[in-house]
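Take a look at the structure below.
Number of protein chains: 2
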Amino acid sequence: QVWSEQDYSDLKVKLGGCYPFSHYFRSGVIGSGLCVFSRFPILDTLLYQYSLNGYPYMLQHGDWFCGKSVGLVIIKISGIVFNVYVTHLHAEYCREKDAYLPHRLVQAWELAQFIRHTSKAADVVLLGGDLNMHPEDVGIRLLRGCTGLRDAFAEATRFEGCEDGCTLVPNNCFTIKTELLPFPLGIRIDYILYKAISSFTVTCEELKTTTGTVPGRDIPLSDHEAVMATLHIRRQGQAVGAAGGTAEPALADVVTEARLEVAVGLRAAQRQRYSTGRMAVLALLLLVLQVVGALGTLGGLVAGQPFPKLSFSLLAFLAIGVFLLATALYLFHAIEVKMLQGTEEQMRMVLRALQEHP
Amino acid sequence: QVWSEQDYSDLKVKLGGCYPFSHYFRSGVIGSGLCVFSRFPILDTLLYQYSLNGYPYMLQHGDWFCGKSVGLVIIKISGIVFNVYVTHLHAEYCREKDAYLPHRLVQAWELAQFIRHTSKAADVVLLGGDLNMHPEDVGIRLLRGCTGLRDAFAEATRFEGCEDGCTLVPNNCFTIKTELLPFPLGIRIDYILYKAISSFTVTCEELKTTTGTVPGRDIPLSDHEAVMATLHIRRQGQAVGAAGGTAEPALADVVTEARLEVAVGLRAAQRQRYSTGRMAVLALLLLVLQVVGALGTLGGLVAGQPFPKLSFSLLAFLAIGVFLLATALYLFHAIEVKMLQGTEEQMRMVLRALQEHP
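So this is what it looks like as structure tokens:
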């Protein structure tokens, strides 16, 4: 995840020797750029933009401007097809009252669907990224349940790095200390997940995170610690496609839990759609009243003192401003409602299918 | 393509007898709804939203509000896996000066990539929809070249319906007659495309379009004529994956042509980004000047007659309005520039790959 295309160009020059192949995924207004550097040729790429990603008017959070999406890069190493997915989900700003949970769940759901549908010809699937979810959160269980991806940290034979594999740690100078007060060791929100599709098995030999600052300097490499995994891929005689079947009752529970959260988000979005729509209508009514009043005054139909010009024009401008702003917000929330409805319905369909064919 | 979810529900009730399985894809603010009705169970679905789709401020064209996207529905009929894609691309309002051509080309490109990446486990691929392109347009050649899809109209053994397979015909009462003046027979912009992926072959036995009005009534079924294809699918011994290889030099030409159009769109978007950005900065400067002036008057620092209050406040409100509007437009065009750049770069990569491995 780099902020600007310039950063990507700089990295490309610096890494060109070891990692001659790279791809930059554009999205959003600023930065956003997911990018991938590879020692092996990149055969193909695809970008999928999540349908929801916070609110443009939450300027202090800024996620909307970064345009969250998932990038797919296809690489072939000694005849084995790797589908490598990179992504960054919406940040969590307040764990107790996480207003963005429904959006992040929609993203996790869309990520899972995208991986399922695009990885059918792959031998090995890898997902790396800042998922902004703790290891036990519903979103990560949903993602893992739907795709069958395994957590490199949990599976690693050897581990080296921050305690508990944390990637957002309090002694990084870019983290906000108060947010990490309940988690003295930090939290693990950056992941490498993997699975083998066809007749391969993947095991994680080693997982490492960076710790602390750049050698010889005072600043850390990034606001998160980096995660590195060494994976061992073995060709084996038979496919293990049926291995995921045992987890289905658990999957139904996770989807139910996620669907509940999406439904909560849906109701909130419907309320906001309603209130912004009402405000737009009220502003329009005020404008109509003013136009009628002005016409009346002009035509000399209304006796007595007309409104003072100043307040009258101020009010008109205010009404126009409120009308435009409320209309834009109404449209935004109308789209949000649709996307949440769509996801909730898809989850309902999956649940029905799970119940019908256990 | 239905306008409202209510229409979908009505259709579902009416078609439930023959087509018990259906799916509705939500996107955009109004309607938008792609929907699919099927005699066979729908196993899985996925929605992909195009990154560009016209401009929200082009209210008279309205495409932006409908949220164009492509829906995938996976169906299995007697053991054969069908990936059925439905879509609707941005309309063409003026063929001579088609401002939406770059957006439509980005959509056609994304559609082709999406089909390629999601159809790897399918036996048969079907694409149906209003592509808003004439049969020889660069977008349809791009789509067909990248995916290997074949045009059911061109391949059909028997054809029945409007002359030349036209689906937008002048004697439909909903079409705008002046737009069709150069095409007295109408135009063919609704397609059924298909291909077989693995060891299957598909042939089109019959293609039909509706003609004219509902029997016994005066109004046509829709603003476009409907297209129906009867396909014959045969299992065959060997795969025919190499058949597309001969068309590669032609593909390079088509991608070059499309890339040129996208580059033209990119320059237009960059110009609009620049002019909206400049307007936002100017409005901000005006506001700053006003604030300085107001503070000066309040502090009694400026001698002489201050501005009349009315014009002063009107100007301030105007400046705020222009600033907000110009900022919103700037953000929109900044995203547009990014998406056009991304597509142009992808096309460049594909061209390089085509030249390196002919």
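Chains R and S are the protein sequences, given in the same order.
Numbered according to the UniProt record's numbering, the first sequence spans residues 1 to 358.
Numbered according to the UniProt record's numbering, the second sequence spans residues 1 to 358.
For each residue, glycine too, the CB sits at the ideal point set by N, CA and C.
Integer Cβ distance of S:I197 from S:S119, believed to fall under 8 Å: Along the second sequence, read from residue 1 onward, the residue named residue 197 of chain S stands at position 197. Along the second sequence, read from residue 1 onward, the residue named residue 119 of chain S stands at position 119. Correct: roughly 6 Å between the Cβ atoms.
Outcome for R:L72 when other beta-carbon atoms lying within 10 angstroms are tallied against a minimum of 16: Counted from its first residue, the first sequence places residue 72 of chain R at position 72. Buried is the call here.
Residues that S:L46 contacts on chain R, provided the C-beta gap is smaller than 7 Å: Locating residue 46 of chain S in the second sequence gives position 46, where the first residue counts as 1. Neighbours of S:L46 across chain R, judged by C-beta separation under 7 Å: Q113, H117.
R:I233 beta carbon less than 8 Å from that of residue 366 of chain R: As displayed, chain R neither begins before 1 nor continues past 358, which places residue 366 of chain R out of reach and without an answer.
Any chain R beta carbon closer than 8 Å to S:L310: Residue numbering aside, residue 310 of chain S sits at position 310 when the second sequence is read from its first letter. By this cut-off, S:L310 is an interface position.
Three-way DSSP call (helix, strand, coil) for R:T246 in this model: Numbered from 1 along the first sequence, position 246 holds the residue referred to as residue 246 of chain R. Per-residue confidence for R:T246 stands at a pLDDT of 47, beneath the threshold of 50, marking its modelled position as unreliable; the derived number appears in the next sentence. Here R:T246 carries a helix assignment [DSSP, helix/strand/coil].
Run of the alpha helix (DSSP H) containing R:F153, from where it starts to where it stops: Counting from 1 along the first sequence, the entry for residue 153 of chain R is found at position 153. 152-155 is the extent of the alpha helix (DSSP H) around R:F153.
Cβ neighbour criterion (16 or more within 10 Å) applied to R:N171: The residue labelled residue 171 of chain R in the question sits at position 171 within the first sequence. Looking at its Cβ environment, which holds fewer than 16 other Cβ atoms inside 10 Å, R:N171 is exposed.
Paired residues, beta bridge with R:S69 - DSSP: As a first step, residue 69 of chain R is located in the first sequence; it is residue number 69 there, counting from the start. Residue pairing by DSSP places R:S69 opposite R:Q49 in a beta bridge.
Status (buried if at least 16 other CB within 10 Å, exposed otherwise) for R:C35: Within the first sequence, the letter at position 35 stands for residue 35 of chain R. Of the residues assessed, R:C35 falls on the buried side of the cut-off, its CB having 16 or more other CB atoms within 10 angstroms.
R:G67 beta carbon less than 8 Å from that of residue 360 of chain R: The structure shown does not extend to residue 360 of chain R, since chain R is modelled only from 1 through 358, so no value can be given for it.
The segment 211-222 of chain S in contact with the segment 105-119 of chain S per 3-pair CB rule at 8 Å: In this structure the segment 211-222 of chain S does not lie against the segment 105-119 of chain S, because fewer than three pairs of beta carbons, one per stretch, are closer than 8 Å.
Coil, strand or helix - S:V214 by DSSP: For the purposes of this step, residue 214 of chain S is taken as the residue at position 214 of the second sequence. Here S:V214 sits in coil by DSSP.
Whole-angstrom C-beta distance between S:Y19 and S:F37, which should lie under 8 Å: Taking the first residue of the second sequence as 1, we reach residue 37 of chain S at position 37. Taking the first residue of the second sequence as 1, we reach residue 19 of chain S at position 19. Taking C-beta atoms under 8 Å as the contact rule, S:F37 and S:Y19 qualify, at a distance of about 4 Å.
Range of the contiguous beta strand (DSSP E) that encloses R:Y194: Residue numbering aside, residue 194 of chain R sits at position 194 when the first sequence is read from its first letter. For R:Y194, the enclosing beta strand (DSSP E) covers residues 190-196.
For R:T42, the three-state DSSP class (helix, strand or coil): Position 42 of the first sequence, counted from the first residue, corresponds to residue 42 of chain R. The sequence shown places Ile at residue 42 of chain R, not Thr. Of the three classes helix, strand and coil, the one that applies to R:I42 here is strand, per DSSP.
Distance, R:G17 Cα to R:I335 Cα: In the first sequence, residue 335 of chain R corresponds to position 335, counting from 1. In the first sequence, residue 17 of chain R corresponds to position 17, counting from 1. If you take the alpha carbons of R:I335 and R:G17, they lie about 45 Å apart.
8 Å Cβ cutoff, R:L295 in contact with chain S: Taking the first sequence and counting its residues from 1, the one referred to as residue 295 of chain R is at position 295. Judged by the 8 Å Cβ criterion, R:L295 is not in contact with chain S.
Nearest-angstrom beta carbon gap, S:E96 and S:R158 [assumed within contact, 8 Å]: Along the second sequence, read from residue 1 onward, the residue named residue 158 of chain S stands at position 158. Along the second sequence, read from residue 1 onward, the residue named residue 96 of chain S stands at position 96. In fact, because the Cβ distance is near 36 Å, the residues do not count as touching under 8 Å.
Cβ contact check for the segment 256-271 of chain R and the segment 97-104 of chain R: 3 or more pairs under 8 Å: Yes, they touch.
Sequence-distant residues of the same chain with beta carbon closer than 6 Å to R:E155, five excluded per side: Locating residue 155 of chain R in the first sequence gives position 155, where the first residue counts as 1. Cβ within range, chain order: C204.
Closest Cα partner of S:S78 within the set S:D123, S:Y50, S:M58, S:H88: The count along the second sequence starts at 1 and reaches residue 78 of chain S at position 78. Residue S:D123 is the option with its Cα nearest to S:S78.
CB contact below 8 Å: R:L127 versus chain S: Here residue 127 of chain R is taken as the residue at index 127 of the first sequence, counted from 1. It does not: the Cβ of R:L127 has no partner Cβ on chain S nearer than 8 Å.
Counterpart residues of R:D130 in DSSP-defined beta bridges: As a working note, residue 130 of chain R is residue 130 in the first sequence. Paired residue(s): R:H88, R:D190.
Residue-chain proximity (R:A334, chain S), Cβ-Cβ < 8 Å: Position 334 of the first sequence, counted from the start, is the residue given in the question as residue 334 of chain R. It does; some Cβ of chain S falls within 8 Å.
Identity of the residues DSSP links to R:F323 by a beta bridge: Taking the first sequence and counting its residues from 1, one reaches residue 323 of chain R at position 323. Looking at the DSSP output, R:F323 shares a beta bridge with no other residue.
Proximity of S:K309 and R:L318 at Cβ, strictly below 8 Å: Indexing the second sequence from 1 puts residue 309 of chain S at position 309. Indexing the first sequence from 1 puts residue 318 of chain R at position 318. No.
Distance cut-off 7 Å: R:Y50 Cβ against heavy atoms of the ligand ADP: The ligand content of the structure shown is nil, which means the ligand ADP is not present either.
Collapsed DSSP secondary structure at R:V36 in the structure displayed: Stepping through the first sequence from its first residue, residue 36 of chain R is reached at position 36. The DSSP-derived three-state label of R:V36 is strand.
Sequence-distant residues of its chain with Cβ nearer than 7 Å to R:D44 (five each side left out): If you number the first sequence from 1, residue 44 of chain R lands on position 44. These residues qualify, in order along the chain: I74.
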